[in-house]
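Taken in order, these protein sequences are the chains called P and G.
1 is the number of the first residue of the first sequence in the numbering used here; add one for each residue after it.
1001 is the number of the first residue of the second sequence in the numbering used here; add one for each residue after it.
Quick notes on the structure that follows.
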Amino acid sequence: MSISTTLPASQYSNYQNKVARSRATSEPVWVRWTLIAIVLLFLTLFLIVPLAAVFTEALRKGFDTYITALTDPDALSSIKLTLIAAAIAVPLNLVFGVAAAWAIAKFEFRGKSILITLIDLPFAVSPVIAGLIYVLIFGLQGWFGSTLLDHDIKVIFAIPGIVLATIFVTFPFVARELIPLMQAQGKEEEEAGLVLGASGWQILWRITLPNVKWGLLYGVILTNARAMGEFGAVSVVSGHIRGLTNTLPLHVEILYNEYNYAAAFAVASLLAILALVTLVLKSFVEWKVARDAQINEKS
Amino acid sequence: MSIEIKNIRKNFGSFSALNDVSLDVPSGELVALLGPSGCGKTTLLRIIAGLETPDSGSIHFHGADATAQKVREREVGFVFQHYALFRHMTVFENVAFGLRVRPKETRPTDAEIKRRVHELLELVQLDWLADRYPPQLSGGQRQRIALARALAVEPKVLLLDEPFGALDAKVRKELRRWLRRLHDELHITSIFVTHDQEEALEVSDRVVVINKGQVEQIGSPQEVYDNPVSPFVYQFLGNVNQFHSQIHQGEANIGGVGLKINAHHDTKHSAGLAYVRPHDIEIHKVRNGEAPAFEAVIHYIHAIGPLVRLELQRADQEDLIEAELTQERFRELGLIQGQNVFVYPRNVRVFLNA
């Protein structure tokens, strides 16, 4: 999923527009139009055509087939599993992200840069490796394999493994979004709250979180999109058991490998819709942030 | 409430921000901590508030040791340099914050909070802005809201960090007079930090001059201005001319001119620095009897405003002397650039080289 993670850029876009549009700095008309044409062509070829293809292929055999493919018990179970994984991973990473960002942005401590690097680790590691890590730890041949077997707990090739892998790959989004925002805001407002007699919790709920609410929502949207769309890591730990351990992306792959194109694209269209909804939400949040920034600039 | 600060030390890494600072602030006084940036004055203010912990030393509020007390328990009001207003709350909610976060038992009712907040907003004359958000206010308005917010919790001590630093010159002047009047009304023990000597001298009851983490001098504005105890204080409080001199039995010899100084009568042949304020430089067109004088050439005349500033070049060396005359005196003398004159320093103050 190719969603940019640089929220702050949008805060300055309005300002830049105003500055950049003077005649002296703009290119000749033909240069501008050529550049725009190249971008449009590129977008059409690589984004719009595939997106349209998903929906045409999904509806090729009619709307009834489309609905049947989605209401198939295996499809429903994969939807359910995807929702469960997201429902667990997103709140956990929300709490973790806020805690990490708060610690990093507002306090000085040893090992801070190591913590920042660790938070970025899931971005740097291939998702397949991320999945394998959990297989190595919790799998039958892994470190805790025999212990888990003795207690009859299944992690790998079961829902817990999928949730773990999902948490791992979506780990950095919220923290990454909040750290620069909180750092830019500094800690004067928190100190003001402290002097006025607020407790740590009151400061968090009444000052810190309201100040970063849009960045937080943005991080949650990205986390959710990634959690529902993750393929690699989940694929390694899932075991591809139909109706049991298949998430939406895995289900699409299975259907496609079975030459069941209409059903594969029908399920894929759900993910495409998710991506579109994500984009709309993202744009809305960016618009809100830009507007707030504008109000701040007026001062 | 009185504040006693005893032997405070604070280091940031290898940098010594405060080095054995002691200070008493009597109840109800308005005290200025004055010093150049990086001298430790803000650190001292933050230690009093409890936002920083000293490495050693103690703070007493009204005789009781408050060193270990948490920020929330100290009952101080703090106005931050950049105001630190809560940007997502209205002006009303900003001021109400300190009351709303109180535990249930001591929290006033909503009606009471509303009454108190409006009372405070009227005090700072900004009641009409209650529904605005901080980014919509001007700097001076934000400053006053920050003050109202700090006063809402009825603090025993009011601490202000560079309260006028971020304002333009005209608003700054208005606001500092207003702060002085407000203090005279409320009589709350207040400490403010500033690097602006004019501000410190105009507003405060007492000035604490701080340099490099140490207190240089404590006194009324009159005292520190008229009797600076060190070259640093002399230079920091207003313009000053500095002369290298030889001190011998109550006389300072500056480039062959012997000036009487009313001190150091027993000192013999010591090097020292002599200081004279520009308004203590008298200028004559002809030699005035026996009194010791420098010969000098008028190098530059700046005649805008009530005072005329002259730069004079001494005949015997490169150094420039700065002098201030009233417009009246300037016209009377009829001085022009390039003219030869005689310079008579008054109130020479000498500090022997250590």
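Glycine is no exception: its CB is placed at the ideal position from the N, C-alpha and C atoms.
Values in this document were obtained by computation on a predicted structure and should not be read as measured data.
Under 8 Å from the C-beta of G197(P): neighbouring residues of chain G: R1072, G1098, V1101, R1102, V1153
Which word fits K1389(G), buried or exposed, when buried means at least 16 other C-beta atoms lie within 10 angstroms of its C-beta? No information on residue 1389(G) is available, as it lies outside the stretch 1001 to 1354 that chain G covers here.
Quick check: I1008(G) and L1044(G), are their CB atoms within less than 8 Å of each other? yes
Hey, could you find the ends of the alpha helix (DSSP H) P1361(G) is sitting in? Only positions 1001 to 1354 of chain G appear in this structure, which leaves residue 1361(G) out of reach.
Where does the unbroken beta strand (DSSP E) through R1009(G) begin, and where does it stop? 1003 to 1012
Run down chain P in chain order and give the residues with a C-beta less than 7 Å from the C-beta of H1088(G). P210, N211
DSSP beta-bridge partners for F173(P)? Per DSSP, none; premise fails for F173(P).
Spatial neighbours of L1333(G) within its chain, please: C-beta separation below 7 Å, excluding the five flanking residues on both sides. I1283, K1285
Would Q1136(G) and L1126(G) qualify as a contact pair, given that the criterion is a beta-carbon distance under 8 Å? no
So F265(P) packs on E57(P), CB below 8 Å; how close in whole Å? 4 Å
Report the residues of the segment 1047 to 1058 of chain G with a CB closer than 7 Å to any CB of chain P, ordered along the chain. A1049, L1051
As an exercise, report each continuous alpha helix (DSSP H) stretch of at least 4 residues that is fully enclosed by the segment 1182 to 1218 of chain G, in chain order. 1197 to 1203
Simplified DSSP assignment, three categories, for E1154(G): coil
Should Q1143(G) go down as buried or exposed, given a rule of 16 or more other Cβ atoms within 10 Å for buried? buried
Might you give, ordered along the chain, the residues of its own chain that have their beta carbon closer than 7 Å to the beta carbon of D1161(G), omitting 5 neighbours on each side? T1042, L1045, V1079, F1080, Q1081, V1193
Figure out for me which residue from V1215(G), P1108(G), T1326(G) has the closest Cα to the Cα of V1229(G). V1215(G)
Here's a check: name, in chain order, each residue in its chain whose Cβ is nearer than 8 Å to the Cβ of V19(P), leaving out the five neighbours to either side. Residue confidence for V19(P) is low, a pLDDT of 49 falling below 50, so the modelled location carries little weight and cannot support an answer.
Using three-state DSSP, classify Y261(P) as helix, strand or coil. helix
Starting from S1270(G), follow the beta strand (DSSP E) in both directions and report where the run begins and ends. 1270 to 1276
Name, please, each residue of chain P whose Cβ falls closer than 8 Å to the Cβ of F1078(G). E191, A192, V195
If I measure Cβ to Cβ from R1172(G) and keep anything under 7 Å in the same chain, skipping five residues before and after, which residues do I get? F1164
Taking three-plus beta-carbon pairs below 8 Å as touching, is the segment 1094 to 1110 of chain G in contact with the segment 1175 to 1193 of chain G? no
Taking only beta carbons into account, state which residues of the segment 162 to 184 of chain P come closer than 9 Å to chain G, listed in chain order. none
Just how far apart, CA to CA, sit K1260(G) and P1306(G)? 30 Å
Check whether the segment 153 to 162 of chain P touches the segment 240 to 255 of chain P, taking contact to mean three or more Cβ pairs, one atom from each stretch, closer than 8 Å. yes
So L271(P) packs on L248(P), CB below 8 Å; how close in whole Å? 6 Å
Could you confirm whether any beta carbon from chain P is found closer than 8 Å to the beta carbon of A1017(G)? no
Would P987(G) be called buried (16 or more neighbouring beta carbons within 10 Å of its own) or exposed? The structure shown does not extend to residue 987(G), since chain G is modelled only from 1001 through 1354, so no value can be given for it.
Where the alpha helix (DSSP H) containing Q202(P) begins and where it ends: 200 to 203
Enumerate, from N- to C-terminal direction, the unbroken alpha helix (DSSP H) stretches of 4 or more residues contained entirely within the segment 1083 to 1144 of chain G. 1091 to 1100, 1110 to 1123
Within 8 Å of any Cβ in chain G, is that where the Cβ of Q141(P) sits? no
Can you tell me which of L1034(G), N1019(G), S1022(G), K1010(G) puts its alpha carbon nearest to the alpha carbon of V1224(G)? L1034(G)
Shorter than 7 Å, the distance from the beta carbon of D292(P) to the closest heavy atom of the ligand ATP, or not? Absence of the ligand ATP is noted for the structure shown, with no ligands found whatsoever.
When DSSP builds the beta bridges, which residues end up paired with A1064(G)? F1061(G)
Starting from L216(P) and walking both ways along the alpha helix (DSSP H), at which residues does that stretch end? 213 to 229
Excluding the 5 residues preceding and the 5 following F173(P) in the sequence, name in chain order all residues of the same chain whose CB lies nearer than 6 Å to its CB. G219, L222, T223
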